[in-house]
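Everything below concerns the one structure shown next.
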Amino acid sequence: MLAKTGGRYRVLSSGVTLEATLRGRLKRGQAQVLVGDRVTLRSHTDAAVTIEAVAERKSVLRRRTPGRRHGVRLVAANLDQVAVVGAARQPDWAPQLMDRFIAVAAASDLPIAVVINKCDLLDDPVALGRAYELAGYEVLYTSVPAGMGLGELRDLLAGRSSLFTGPTGVGKSSLLNALQPGLRLRTGVVSRRSHSGRHTTVAAEMYPFAHGGFVVDTPGLRDIGLWGLERAEVEAAFREFRPHVGHCKFDDCHHLHEPGCAVRAATERGEIVASRLDSYRRMLQEAHAAARPWHTERDR
Ligand code: GDP
Ligand code: ZN
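Every number in the working numbering is 3 more than the matching position in the sequence shown, counting from 1.
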């Protein structure tokens with residue numbers, strides 16, 4: 004399933020895009036069909052197409068909405084990976100924001116790749132990527148005007164289902180357009196008029212990728228400050244801390260300001276990059292304040 008608008012689902016069937024509705028039985032059972040779901044279709048004599056069944060999912064990207072509208076929203080199914088894109092400059096490199104996008108993907112147990120774009124604007128972009136290379140993530144260095152890293156990005160996306168995310172203006176649409184002219188992400192768009200004329204938040208949308216696989220765009224993810232992560236999820240997102248956590252003086256060390264903290268010691272030795280520890284601390288403090296809604300670090 005590629006996209007949903009109201010009760011209509013855009014589905015891809017043998018290379019052809021069709022519009023389908025949900026079979027009554029599924030609707031009554033309140034089944035949720037997600038972008039990326041594999042579905043069983045049925046054609047009717049009046050040319051209508053219905054979704055009869057949803058196949059078991061191998062992954063689900065979840066979004067938790069804390070505060071007043073507390074709950075879990077399922078964003079996309081069957082993703083193979085999340086590509087988190089940032090710009091070396093223009094807008095300024097924003098590690099806090101990158102770490103939030105990464106943590107959200109990590110909380111859904113999805114593999115992550117970090118893409119540092121606009122490398123033509125900075126002499127040493129590899130210094131920015133070091134934090135993520137130390138954490139064991141694949142890091143791509145790209146530039147659209149210089150044609151840098153585009154082959155690697157194509158290989159990363161080819162044949163897989165990928166969510167392409169990151170702050171506005173970092174070059175996500177430009178990168179994808181360079182690989183597949185005409186594939187236009189609606190980044191920067193927060194809402195549009197639905198068929199009924201009401202304003203609705205635009206949900207995830209999936210596009211077939213010319214080199215095989217799919218790319219998912221989720222404008223709704225841009226509001227990353229509204230993601231509620233729990234302490235365990237925050238800790239899990241900073242995977243380069245793992246070899247050190249067992250060596251802290253206190254078993255329940257939060258790696259904030261406790262004495263004998265092995266994570267801090269590793270940071271002082273350069274085995275963990277300081278901006279990552281900083282991101283972790285801020286996100287942990289937010290997790291502790293989770294009883295109330297938080298509105299920090301809005302997308303820029
Ligand atoms: P998005 O919001 O992430 O989809 O970003 P866009 O693709 O709309 O790009 C935002 C701006 O950055 C546009 O003016 C692009 O031309 C520019 N841009 C994109 N990629 C690069 C790059 O690699 N280098 C430079 N210098 N500019 C870029
Ligand atoms: Zn510690």
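The C-beta atom is built at its ideal place from N, Cα and C for all residues, glycine as well.
Where residue i falls, given that 16 or more other Cβ within 10 Å makes a residue buried
i, result
"R103", "buried"
"D40", "buried"
"W96", "buried"
"S16", "exposed"
"T43", "exposed"
"T48", "exposed"
"A58", "exposed"
"E22", "exposed"
"R31", "exposed"
"D312", "There is simply no residue 312 to check, as the chain begins at 4 and stops at 303 in what is shown."
"Q84", "buried"
"L259", "exposed"
Helix, strand or coil at residue i according to DSSP, with G and I counted as helix
i, result
"K252", "coil"
"E233", "coil"
"G216", "strand"
"I54", "strand"
"A116", "strand"
"V36", "coil"
"E141", "strand"
"A23", "strand"
"L3", "Residue 3 is absent from the model: the chain starts at 4 and stops at 303."
"L287", "helix"
"V193", "At V193, the pLDDT of 42 sits below 50, so the modelled position is not reliable and the matter cannot be decided from this model."
beta-carbon residue i near the ligand ZN non-hydrogen atom, thresh 7 Å
i, result
"E261", "yes"
"A265", "yes"
"H291", "no"
"H214", "no"
"C122", "no"
Residue i - containing alpha helix (DSSP H), residue span
i, result
"N180", "175-182"
"P211", "Unbroken run through P211 is the beta strand (DSSP E), 208-211; no alpha helix (DSSP H)."
"G154", "153-160"
According to DSSP, residues forming a beta bridge with residue i
i, result
"T168", "V87"
"S111", "None; S111 has no bridge partner."
"L15", "T20"
"R60", "BP columns for R60 are empty, so no partner."
"R3", "A question about residue 3 goes unanswered here, because the residues of the chain that appear run from 4 up to 303."
"R92", "Per DSSP, none; premise fails for R92."
"R163", "G216"
Distance cut-off 7 Å: residue i Cβ against heavy atoms of the ligand GDP
i, result
"P128", "no"
"G150", "no"
"K175", "yes"
"V147", "yes"
"T171", "yes"
Start and end residues, beta strand (DSSP E) containing residue i
i, result
"T8", "6-8"
"V42", "42-46"
"A269", "That residue, A269, is in no beta strand (DSSP E); its alpha helix (DSSP H) goes 265-271."
"V75", "74-80"
Closer than 7 Å: residue i CB and nearest the ligand FAD heavy atom
i, result
"G152", "Of the ligands one can find in the structure shown, namely the ligand GDP and the ligand ZN, none is the ligand FAD."
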